Amino acid sequence: MTAVAEPEVGRARLRKEDARLITGRTRWTDNLSLPGMLHLAFLRSPVAHARISKIDTSAAKQKPGVIAVVTGADVAEEQGSLPCAWPITEDIKIPNAPSLAVDEVNFAGEAVAAVVARSAAEAVDALEAIDVEYDELPVVLDMNEALAEGADLVHPELGTNKCATWVFDSAEAGSGGAIDDAIAQADVVLERTFRQQRLIPSFMEPRSVLVDPTGEQITVWSATQIPHILKWMISAVTGVPETKVRVIAPDVGGGFGGKLQVTPEEIITFLMARRLGRPVKWTETRSESMQSAHHGRDQIQKITLAAASDGTLKGLKVELLADMGAYLRLVTPGVPILGAFMFNAIYKMDAYRFECTNVFTNKTPTDAYRGAGRPEATFAIERMMDELAAELGRDPIDLRRQNWIKHEEFPFTTVAGLTYDSGNYEAATAKALELFGYDALRQEQRERRERGDTVQLGIGVSTYTEMCGLAPSRVLGALRYAAGGWEHASIRMLPTGKVEVITGTSPHGQGHETAWSQIVADRLGVPFEDVEVLHGDTAASHKGMDSYGSRSLAVGGTALVMAADRVIEKAKKLAAHMLECSEDDIEFSGGKLTVRGTDKATDIQSVALHAHVAHDLPEGMEASLDSEATFDPENFSYPHGTHLCAVEVDTETGQVKIRSYVCVDDVGTVVNPLIVEGQVHGGVAQGIAQALFEDAVHDESGTLTTGTFADYLLPSAADLPSFVTDRTETPATTNPLGAKGVGEAGTIAATPAVVNAIVDAVRHLGVDDIEMPCTPMRVWRAVHSGTRAEGGPGGEAGGGLGSIDASGGAQ
Amino acid sequence: MIPAAFDYVVPATVDDAVRELHDAGDEAKVLAGGQSLLPVLRMRLAAPSKIVDIGRITELRGVRDAGDHIVIGATTPHHEVQHNQLVREHALLLALATETVADPQVRHLGTFGGALAHADPAGDLLAPALALDCTFVVAGMDGRHEVPASEFFVDYFTTALRPGELLLEVRVPKYTGWRAHYEKFNRVAQAWSICGVAAAVRVDNGTIAEARVGLTNMSSVPVRARGVEEALVGQQASPEVIKAAAARAVDGTLPTADGNADAEYREHLAKVLTERAVTAACS
Numbered sequence: 000m001t002a003v004a005e006p007e008v009g010r011a012r013l014r015k016e017d018a019r020l021i022t023g024r025t026r027w028t029d030n031l032s033l034p035g036m037l038h039l040a041f042l043r044s045p046v047a048h049a050r051i052s053k054i055d056t057s058a059a060k061q062k063p064g065v066i067a068v069v070t071g072a073d074v075a076e077e078q079g080s081l082p083c084a085w086p087i088t089e090d091i092k093i094p095n096a097p098s099l100a101v102d103e104v105n106f107a108g109e110a111v112a113a114v115v116a117r118s119a120a121e122a123v124d125a126l127e128a129i130d131v132e133y134d135e136l137p138v139v140l141d142m143n144e145a146l147a148e149g150a151d152l153v154h155p156e157l158g159t160n161k162c163a164t165w166v167f168d169s170a171e172a173g174s175g176g177a178i179d180d181a182i183a184q185a186d187v188v189l190e191r192t193f194r195q196q197r198l199i200p201s202f203m204e205p206r207s208v209l210v211d212p213t214g215e216q217i218t219v220w221s222a223t224q225i226p227h228i229l230k231w232m233i234s235a236v237t238g239v240p241e242t243k244v245r246v247i248a249p250d251v252g253g254g255f256g257g258k259l260q261v262t263p264e265e266i267i268t269f270l271m272a273r274r275l276g277r278p279v280k281w282t283e284t285r286s287e288s289m290q291s292a293h294h295g296r297d298q299i300q301k302i303t304l305a306a307a308s309d310g311t312l313k314g315l316k317v318e319l320l321a322d323m324g325a326y327l328r329l330v331t332p333g334v335p336i337l338g339a340f341m342f343n344a345i346y347k348m349d350a351y352r353f354e355c356t357n358v359f360t361n362k363t364p365t366d367a368y369r370g371a372g373r374p375e376a377t378f379a380i381e382r383m384m385d386e387l388a389a390e391l392g393r394d395p396i397d398l399r400r401q402n403w404i405k406h407e408e409f410p411f412t413t414v415a416g417l418t419y420d421s422g423n424y425e426a427a428t429a430k431a432l433e434l435f436g437y438d439a440l441r442q443e444q445r446e447r448r449e450r451g452d453t454v455q456l457g458i459g460v461s462t463y464t465e466m467c468g469l470a471p472s473r474v475l476g477a478l479r480y481a482a483g484g485w486e487h488a489s490i491r492m493l494p495t496g497k498v499e500v501i502t503g504t505s506p507h508g509q510g511h512e513t514a515w516s517q518i519v520a521d522r523l524g525v526p527f528e529d530v531e532v533l534h535g536d537t538a539a540s541h542k543g544m545d546s547y548g549s550r551s552l553a554v555g556g557t558a559l560v561m562a563a564d565r566v567i568e569k570a571k572k573l574a575a576h577m578l579e580c581s582e583d584d585i586e587f588s589g590g591k592l593t594v595r596g597t598d599k600a601t602d603i604q605s606v607a608l609h610a611h612v613a614h615d616l617p618e619g620m621e622a623s624l625d626s627e628a629t630f631d632p633e634n635f636s637y638p639h640g641t642h643l644c645a646v647e648v649d650t651e652t653g654q655v656k657i658r659s660y661v662c663v664d665d666v667g668t669v670v671n672p673l674i675v676e677g678q679v680h681g682g683v684a685q686g687i688a689q690a691l692f693e694d695a696v697h698d699e700s701g702t703l704t705t706g707t708f709a710d711y712l713l714p715s716a717a718d719l720p721s722f723v724t725d726r727t728e729t730p731a732t733t734n735p736l737g738a739k740g741v742g743e744a745g746t747i748a749a750t751p752a753v754v755n756a757i758v759d760a761v762r763h764l765g766v767d768d769i770e771m772p773c774t775p776m777r778v779w780r781a782v783h784s785g786t787r788a789e790g791g792p793g794g795e796a797g798g799g800l801g802s803i804d805a806s807g808g809a810q
Numbered sequence: 000m001i002p003a004a005f006d007y008v009v010p011a012t013v014d015d016a017v018r019e020l021h022d023a024g025d026e027a028k029v030l031a032g033g034q035s036l037l038p039v040l041r042m043r044l045a046a047p048s049k050i051v052d053i054g055r056i057t058e059l060r061g062v063r064d065a066g067d068h069i070v071i072g073a074t075t076p077h078h079e080v081q082h083n084q085l086v087r088e089h090a091l092l093l094a095l096a097t098e099t100v101a102d103p104q105v106r107h108l109g110t111f112g113g114a115l116a117h118a119d120p121a122g123d124l125l126a127p128a129l130a131l132d133c134t135f136v137v138a139g140m141d142g143r144h145e146v147p148a149s150e151f152f153v154d155y156f157t158t159a160l161r162p163g164e165l166l167l168e169v170r171v172p173k174y175t176g177w178r179a180h181y182e183k184f185n186r187v188a189q190a191w192s193i194c195g196v197a198a199a200v201r202v203d204n205g206t207i208a209e210a211r212v213g214l215t216n217m218s219s220v221p222v223r224a225r226g227v228e229e230a231l232v233g234q235q236a237s238p239e240v241i242k243a244a245a246a247r248a249v250d251g252t253l254p255t256a257d258g259n260a261d262a263e264y265r266e267h268l269a270k271v272l273t274e275r276a277v278t279a280a281c282s
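Residue numbers (numbering that gives the first Met the number 0), protein chains in the order written: chain X, 0 to 810; chain D, 0 to 282.
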């Protein structure tokens with residue numbers, strides 16, 4: 000008997016990607032350099048809304064090293080309109096979206112001209128020589144004002160600032176009762192309005208694109224999450240046949256949805272390379288990224304929660320305004336719709352109604368950002384559950400327990416019409432409470448309150464779920480999304496016994512190369528080291544739907560398992576021929592193919608070589624074990640978990656300090672616990688950052704005043720507690736891996752846990768809400784006015800770089 | 000982002016540096032650690048025609064004992080100031096404030112003189128330098144002269160340095176045996192101060208014999224909280240005394256409003272943080 004190898008799935012392997020990423024021994028797009036390569040730079044509008052009355056590029060064209068200067072008018076025929084793949088309603092208003100503004104600019108940061116020069120420095124220098132005259136138009140910033148009668152319009156040709164209104168009603172859908180009845184019959188009706196502030200994705204690697212037009216195919220390297228979709232969309236926008244476009248996403252330094260986009264910069268770089276017949280590269284500055292790459296969130300949520308006096312939930316009404324910004328990018332209008340099915344979360348209730356109005360403003364377009372729609376939904380319901388607990392004098396966990404779906408009730412079809420396949424909210428919560436020391440912290444909270452401590456303790460709860468593993472194609476179709484949600488994988492069995500895996504997912508930091516290798520090593524019984532994962536190059540990975548929405552493992556991993564099973568089926572057939580037995584008598588285990596009941600055996604590597612040389616194959620068999628598979632999920636996956644946060648609020652200054660943070664996540668079967676841990680840490684950090692730090696602020700002229708990291712605050716390790724993470728494992732029943740997805744979980748869960756904790760700390764002082772981010776000033780003001788604190792002190796930047804006056808400066 | 004083109008010179012001596020600066024008129028910028036200047040250049044908020052890199056002028060770097068005071072060279076990195084024994088012994092407040100500047104990477108490159116000459120009102124070293132009555136030694140074509148801290152900071156990002164002049168060193172009177180605390184208030188660790196309070200006290204048998212208090216980011220320039228100092232001197236270091244003294248922290252301040260704090264909140268913070276800084280210094 001040979002020893003059974005330890006399964007790869009479940010091992011906390013160090014990531015095979017890390018050495019090259021950490022030491023910088025890799026090729027990011029901006030590191031690439033091609034012979035004769037030119038550099039492109041964009042001139043961007045400093046104003047939020049204006050008619051372009053004149054652009055004079057003649058002086059810029061005379062600057063040293065300049066090859067070409069183009070305006071929107073110069074490329075108007077070629078540039079088309081940037082794609083919106085999610086027209087959520089039949090009557091949705093979709094404005095024309097040129098990559099370079101032609102007549103009008105609609106947000107500060109919109110590109111109005113491009114310079115191509117021999118060096119990046121010369122391109123930037125020449126920008127200053129372009130003379131643009133702006134005829135300023137009224138600026139639309141506030142969503143409520145934008146919808147008012149007689150409002151100034153972002154796009155006058157549309158006749159309105161209302162992009163679309165999308166409704167889900169459980170009575171109409173047949174998944175529940177009528178919300179008005181639920182509210183009328185309730186003992187308690189709570190109404191709150193929350194603001195989901197605008198966030199900037201802040202991926203580590205700025206966006207970059209390099210286009211080489213010199214081959215038969217035009218090759219596009221881009222720091223993107225979506226090489227396959229980008230290839231399709233470049234073709235759709237420019238009319239260049241898809242067969243003539245190859246897209247490569249090399250190692251990509253983070254995205255968080257921020258690189259789930261077809262950007263104006265990609266299109267213009269493509270057009271200029273094609274026009275000039277030379278490679279052209281563009282890499283953004285951080286300032287450009289913050290101003291012009293798409294933003295996230297930005298909703299106003301009016302929430303009505305109806306309950307019986309014993310705490311039983313009756314109904315939930317959600318009325319949203321969602322800020323689209325100035326244009327509809329790839330999935331802009333659909334982001335709030337991803338949240339539509341999640342406001343009811345893990346709770347049972349009779350009736351649910353969701354209505355979202357998408358609104359145009361003169362701001363940077365919004366689009367997917369980590370969680371996309373689901374963090375907003377989770378925040379609203381989890382805040383409301385704490386408010387209801389306070390209203391009824393109940394423990395917030397006890398109230399949740401009363402209302403959540405019990406583990407024996409799965410699969411459970413919710414009032415929003417989704418069927419949750421599995422979950423165990425009791426188990427995750429019990430574990431979290433124990434790790435947190437809930438009772439002791441409640442005791443300390445009481446003591447601090449009693450002695451009137453200037454530092455008050457608060458405890459915040461978030462029992463979240465999310466729908467991820469995007470997505471069943473038929474559901475996407477029903478939601479009017481223009482693409483499918485399947486994923487593809489293929490496996491090449493090489494003559495040396497090594498294995499190449501080609502995935503349609505496109506990792507940009509997640510560690511797919513490691514996790515996919517673990518899955519294949521187990522499935523085919525080959526060493527982990529013998530598996531190589533190829534991705535991101537449409538010439539190698541010819542088919543895929545890329546990475547976003549916590550989909551890669553649940554969907555792409557499943558395609559991989561299916562492809563591996565097909566390899567084994569072929570191998571069995573060939574092994575039976577080699578071992579002169581019936582195919583039915585071949586047993587496959589741990590890479591060995593054995594004739595049942597005998598010691599006659601071969602291994603997968605030998606069979607692969609045998610297939611490759613093809614000297615002796617069974618009748619009708621092709622000379623290959625290679626296999627591929629496309630998996631289209633039947634359902635979403637539903638990770639869940641319980642996050643508990645304890646904060647200390649300094650009532651004298653308003654400063655919030657996170658004292659402890661415990662999360663118990665259930666992401667189904669785990670392939671690599673170390674990767675999951677990393678995803679949870681990063682996700683929680685980003686969720687906390689929304690609660691406390693991040694805010695894209697515009698002044699009354701539409702200028703982004705938090706345009707550098709001196710003003711747009713991101714926490715570092717020094718600002719965050721040591722997270723206590725643990726897991727429960729309730730496998731998903733909708734895929735053979737049992738995986739649910741983890742990429743967005745932490746971000747979705749953390750934000751309400753933190754805000755609930757802050758409100759809990761000062762609720763006895765008369766506070767029932769604090770607007771995000773909960774800055775020290777807002778918290779202090781809430782404590783001292785004993786009311787809800789909204790709004791800020793205006794749009795000026797804080798100290799430091801953001802407020803540097805160029806006329807002063809260092810001497 | 001890419002700065003506009005400039006000439007780059009690396010003088011070996013103070014005389015050469017001053018000549019380079021003089022020749023360029025107001026078109027030159029001094030480069031020391033570059034932690035403020037480089038972002039300004041890269042964002043094209045400034046486009047000087049010449050950069051004078053003073054990093055190789057050896058006499059500008061280091062800390063030395065000069066009898067009744069210590070001397071900190073302008074290009075001494077924060078990290079060195081923070082850990083220097085002379086500074087810790089005779090000017091503890093400066094070492095403590097320096098510990099709070101930005102992050103370790105910045106503190107290894109950024110310089111003491113550079114931070115002071117940059118004169119960002121949210122910078123943490125200005126208030127301690129003012130509170131400790133430091134003297135700034137400046138060189139120009141007409142020789143060297145001294146500027147007291149009370150005259151050095153003129154306005155936002157503006158000092159008494161004239162075009163063509165170079166900050167050489169800062170003389171710090173000895174506060175041997177004084178206790179100190181720098182109370183910094185910000186939202187994330189590497190951010191600039193929303194408000195900061197620098198406090199140094201000489202406590203004699205429980206009585207505050209002398210006190211020096213400076214405020215960060217409570218005006219366009221650092222502010223000496225003389226009202227607080229007066230209320231402390233000669234008093235027992237009791238919570239009541241300190242609280243009453245801290246109430247005078249806003250005298251003479253002119254706080255601005257920005258995304259982090261409006262004037263009312265800043266004034267409130269100044270009082271709370273002064274109480275905390277003095278309490279910590281006294282204990």
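The beta-carbon is built from N, C-alpha and C at its ideal position, and this holds for glycine as well. These numbers come from a predicted model, not from an experiment.
- Residue contact check for Asp718/X against chain D: a CB pair falls below 8 Å.
- Among the residues of chain D, those whose CB is under 7 Å from the CB of Pro714/X are Val187, following chain order.
- Rounded to the nearest angstrom, the gap between the Cα atoms of Val741/X and Ala100/X is 39 Å.
- In summary, Gly310/X is buried, with 16 or more beta-carbon neighbours lying within 10 Å of its beta-carbon over all protein chains present.
- Rounded to whole angstroms, the gap between the alpha carbons of Ala622/X and Gln216/X is 30 Å.
- For Phe184/D, the C-beta contacts it makes with chain X under 9 Å involve Thr652, Gln654, Pro775, in order along the chain.
- Scanning the segment 380 to 460 of chain X for uninterrupted alpha helix (DSSP H) segments of 4 residues or longer gives 395 to 402, 424 to 435, 437 to 449, listed from N- to C-terminal end.
- Under the three-pair Cβ rule at 8 Å, the segment 346 to 355 of chain X does not count as touching the segment 434 to 451 of chain X.
- Under the criterion of beta carbons closer than 8 Å, Ala222/X and Trp27/X qualify as touching, at roughly 7 Å.
- Within 9 Å of the CB of Asp151/X, no CB atom of chain D is found; the nearest one sits about 26 Å away.
- Of the candidates Arg12/X, Pro632/X, Gly619/X, the residue whose Cα lies closest to the Cα of Met466/X is Pro632/X.
- Using beta-carbon distances, Val138/X does not count as an interface residue toward chain D, since no partner is under 8 Å.
- Around the beta-carbon of Met289/X, 16 or more other beta-carbon atoms lie within 10 Å, marking it buried.
- Inclusion of Asn143/X and Leu152/X in the CB contact set at 8 Å is not warranted, their separation being larger than that value.
- Annotated as distal: Ala73/D and Leu131/D, with beta-carbon spacing of 8 Å or more.
- With a beta-carbon spacing of about 24 Å, Ala558/X and Leu592/X fall beyond the 8 Å limit used to define contacts.
- If you draw a straight line from the Cα of Ala388/X to the Cα of Ile302/X, it is about 16 Å long.
- When the five nearest sequence neighbours on each side are left out, the beta carbons in the same chain lying within less than 8 Å of the beta carbon of Val139/X are those of His48, Ala145, Ala150, Asp151, Leu152, Val153, Asn160, Phe359, Thr360, Asn361, in order along the chain.
- Beta-bridge analysis with DSSP links Gln300/X to Phe193/X, Leu319/X.
- Under the three-state reduction of DSSP output, Ile490/X falls in the strand class.
- With a threshold of 8 Å between beta carbons, Val753/X makes no contact with chain D.
- Counting along the chain, the unbroken beta strand (DSSP E) around Cys194/D starts and ends at 194 to 203.
- Contact fails between the segment 9 to 23 of chain X and the segment 240 to 249 of chain X, because fewer than three Cβ pairs, one in each stretch, are under 8 Å apart.
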